[in-house]
């Protein structure tokens with residue numbers, strides 16, 4: 013009994029752990045928030061950036077950074093940081109809204125390819141929570157399932173035993189599903205790479221070679237997906253499905 | 002040889018005979034051989050006979066300002082009784098050279114006594130012009146060569162010229178400058194017509210002189226020559242952009258009154274004096290002149306970036322600002338007037354709107370702008386009044402935020418922001434409310450008006466900072482949180498299984514030992530019977546039966562009684578017949594205990610019954 017309690021305490025401590033530290037960063041953020049409120053957006057951006065460069069991450073921090081860049085009309089950087097914030101917290105409405113506003117400010121308007129309905133549903137389901145939240149839900153559901161099994165084994169009351177057994181099965185299934193959501197969210201963001209164009213105007217080439225045919229022109233702030241890289245070139249795909257090559261220096265990875 | 006000699010003689014004789022009464026008619030051209038670009042000069046054809054039907058040359062490369070004008074002079078000479086009369090016809094052109102180069106003047110012709118006389122051709126070289134006001138005086142040109150008469154004309158460039166002056170050629174953007182066009186003349190001029198005004202591109206301009214103002218004349222000595230100077234145009238200019246701006250030249254034409262200095266060289270003092278008398282020779286020629294001013298280059302400095310207020314819209318000068326509303330309490334649907342007045346000196350007419358943020362539910366109209374501008378020679382001052390009419394459509398309490406006006410102060414060299422007070426308006430429900438009349442039409446609903454769009458505000462408070470790149474999923478902790486509970490569960494499961502096994506073992510043992518225990522009890526009952534201890538006998542029998550039942554069917558003793566035994570056995574799926582017999586035996590045991598009669602016999606029977614039923618159950622369960 014005593015063992016169980018220590019384990020529980022241990023688990024709770026671990027779950028709560030990330031929220032507790034980094035107070036030095038918090039101090040800088042408070043300063044940056046004040047600068048932002050006073051309208052000194054470039055100072056606010058600098059301060060937020062300092063916190064980010066110190067190795068801290070948070071969707072809120074990235075979102076604020078995007079806002080600060082937006083206010084100094086640096087839309088490419090604003091989009092970059094909004095996208096980074098979105099990776100950490102894909103379902104956040106504020107991030108989506110501001111990203112949309114920023115996207116109306118850039119030159120390229122790309123009509124994205126429509127997705128199949130079940131894919132859309134799946135994506136919207138995944139985006140309900142951040143990847144890590146899904147993962148956490150998954151572990152807790154798994155633990156709850158195990159607890160159900162324990163109830164099934166221990167209880168002498170028939171109803172409790174039944175509830176424990178079926179509950180455990182349902183919980184294990186849910187845990188499996190949430191794991192799938194977490195995993196595919198993880199695959200979408202962490203392992204595939206996207207980038208934002210940082211050159212005011214750049215011509216997309218047909219092959220990784222300066223002398224190859226010009227395919228189309230992209231402008232600052234447009235998001236591209238990176239497919240491949242050869243030497244100092246990336247193969248990129250834009251939202252409407254067009255593919256081409258861009259020099260690495262013109263892009264900043266999200 | 003002889004033939005040619007004869008020809009010469011004949012010719013000579015002929016000359017003598019004809020020379021007696023008439024000269025050979027000749028048309029000669031004369032002009033200066035070199036002129037400068039922009040210079041005006043005369044081209045004179047002289048005919049020493051009475052001619053008619055003068056056909057002038059096709060003059061190319063020059064502007065013909067006037068001509069051909071014809072003049073005649075005659076002289077009668079009487080030498081020793083023989084009188085000679087000389088007639089001279091002159092045809093005069095006034096030309097202006099307009100480009101560099103060498104130009105041929107083709108031959109002209111005239112008819113004399115039915116015969117056509119052709120002139121010689123003439124070449125004029127035009128050199129690069131010297132700027133007006135250069136100080137050179139070239140008054141008379143084309144001193145007559147042939148006949149002696151020369152039409153003196155409005156000569157050199159510097160008799161009359163126009164010059165533009167800027168009061169400041171390095172103004173700030175929006176700073177007013179005054180450009181003055183002055184005419185300098187040594188000859189009387191009349192009818193000044195501006196043929197081409199400068200286009201002040203890049204400037205906002207305001208004429209500082211009225212059209213019919215009389216020209217103010219002054220005299221001025223330039224390079225020792227006395228000029229009459231008059232301002233012909235005075236314009237206030239406000240640069241709208243920074244950089245190098247060029248005001249292109251103003252062009253005008255005027256009529257210069259040129260004294261024609263006719264000289265008759267007759268060699269006769271009397272005639273000379275007579276004809277050179279002022280009365281005769283004071284013929285004043287009206288010469289039309291085209292004048293062009295110099296272009297003016299203005300280098301406009303941009304306004305400083307530092308400290309530029311957000312609402313700055315280009316006002317430069319020194320201004321005061323006032324805003325007022327005509328009432329602060331009113332009823333809905335009543336009109337309200339907001340009056341903003343900007344007054345001062347500077348580019349006041351360029352202030353075209355105020356930064357007024359109206360309450361969103363107000364109906365507003367474009368402002369009525371009234372300008373009261375005074376133009377003086379020194380610049381522009383005055384006031385600009387903006388009257389905004391607005392009608393609140395809904396009752397409530399509204400505020401109009403302070404109206405701000407910013408300008409660049411030229412004296413202090415910095416931006417100045419002026420602000421009005423904040424206006425609070427209390428709007429009561431008016432009688433003419435449409436909603437009040439349309440009582441049954443439902444609420445007066447409106448769509449939300451979007452006044453602007455912006456990104457949402459930053460997130461404040463705890464941002465829950467993490468270490469960048471740290472993720473919970475697939476982290477060791479994640480796996481730990483899956484594996485540790487699973488391991489704990491398996492451990493628990495194992496323990497539970499062991500425990501359950503041990504517990505089920507005791508049940509089995511009881512089950513197995515049940516018969517043995519029962520037999521043992523029955524044996525002790527047999528001994529009690531033999532010893533004649535009747536009470537102990539029945540207790541032993543009863544214990545044997547109940548104990549057997551409890552152990553065999555794993556029913557706690559506490560749950561067993563005479564009333565519940567049937568139920569308990571049914572639950573354990575014991576056959577009904579056995580249950581009945583068992584209960585019968587139990588009852589008999591209880592009954593026999595207290596029944597009268599032979600104790601020995603009844604005890605023996607009870608003992609046998611008990612043995613029988615236990616054996617029967619054993620058989621049944623096997």
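Residue numbers (my numbering), protein chains in the order written: chain A, 13 to 266; chain B, 2 to 623.
Backbone N, C-alpha and C define an ideal beta-carbon position, used for all residues, glycine too.
Of all residues in the segment 304-327 of chain B, none comes within less than 7 Å of chain A when Cβ atoms are compared. Annotation for residue 35(B): 126, 128 place their beta carbon closer than 7 Å to its own, counting only its chain and skipping 5 residues before and after. Residue contact check for residue 138(A) against chain B: no CB pair falls below 8 Å. Residues of chain A with a Cβ closer than 7 Å to the Cβ of residue 473(B) are, in chain order, 144, 147, 148. For residue 184(A), same chain residues with a beta-carbon under 6 Å away, outside a window of 5 residues either side, are 157 in chain order. Counting C-beta pairs closer than 8 Å gives three or more between the segment 412-424 of chain B and the segment 293-312 of chain B, which meets the contact rule. Of all residues in the segment 108-131 of chain A, those with a C-beta nearer than 8 Å to a C-beta of chain B are 109, 110, 113, 114, reading in chain order. Contact residues of the segment 78-92 of chain A toward chain B are 79, 82 (C-beta to C-beta distance below 7 Å). Residue 469(B) has a beta carbon lying within less than 8 Å of a beta carbon in chain A. Minimum Cα-Cα distance from residue 59(B) among the listed residues 44(B), 73(B), 50(B) corresponds to 44(B). For residue 477(B), the three-state secondary structure derived from DSSP is helix. DSSP, read as helix, strand or coil, puts residue 601(B) in helix. Residue state for residue 259(A) is assigned as strand, using DSSP reduced to three classes.
For residue 106(A), the chain B residues whose C-beta falls within less than 8 Å of its own C-beta are 457, 460, listed in chain order.
Going by beta carbons, residue 54(B) and residue 111(B) fall inside the 8 Å limit. Under the 8 Å Cβ criterion, the segment 159-173 of chain A does not count as touching the segment 111-126 of chain A, having fewer than three qualifying pairs. Residues of the segment 482-502 of chain B with a C-beta less than 8 Å from any C-beta of chain A: 482, 483, 485, 486, 487, 489, 490, 493, 494, 497, listed in chain order. Straight-line spacing of the CA atoms in residue 543(B) and residue 590(B) works out to 7 Å. Counted as a single uninterrupted DSSP element, the stretch harbouring residue 221(A) is not any alpha helix (DSSP H), since DSSP gives it neither H nor E. Around residue 190(A), no beta-carbon contact reaches into chain B at under 9 Å, the shortest distance being about 11 Å.
Residue environment analysis places residue 290(B) among the buried positions, since at least 16 neighbouring C-beta atoms fall within 10 angstroms of its C-beta.
The alpha carbon of residue 206(A) has as its nearest neighbour, out of 190(A), 197(A), 237(A), the alpha carbon of 237(A).
It is roughly 8 Å from the alpha-carbon of residue 43(A) to the alpha-carbon of residue 56(A). Think of a sphere of 7 Å around the beta carbon of residue 155(A): the chain B residues whose beta carbon falls inside it are 486, in chain order. DSSP places residue 71(A) in the uninterrupted alpha helix (DSSP H) bounded by 71-83.
In this structure, the alpha-carbon of residue 370(B) lies about 41 Å from that of residue 121(A). Residue 86(B): member of the beta strand (DSSP E) spanning 83-98, first to last residue.
Here residue 472(B) is buried, its C-beta having at least 16 other C-beta atoms within 10 Å.
Remark: C-beta atoms of residue 191(B) and residue 256(B) approach each other more closely than 8 Å. Going by beta carbons, residue 423(B) and residue 402(B) fall inside the 8 Å limit.
Across the set 174(A), 86(A), 149(A), 109(A), the C-alpha of 86(A) shows the shortest separation from the C-alpha of residue 208(A). For the segment 222-249 of chain A, there are no residues whose beta carbon sits under 9 Å from a beta carbon of chain B.
Bounds of the beta strand (DSSP E) holding residue 391(B) are 380-393. Annotated three-state conformation of residue 69(B) is strand, per DSSP. Relative to the Cα of residue 57(B), the nearest Cα in the group 113(B), 76(B), 119(B) belongs to 119(B). A contact between stretches requires three or more CB pairs, one per stretch, nearer than 8 Å, and the segment 319-327 of chain B meets this requirement with the segment 342-352 of chain B.
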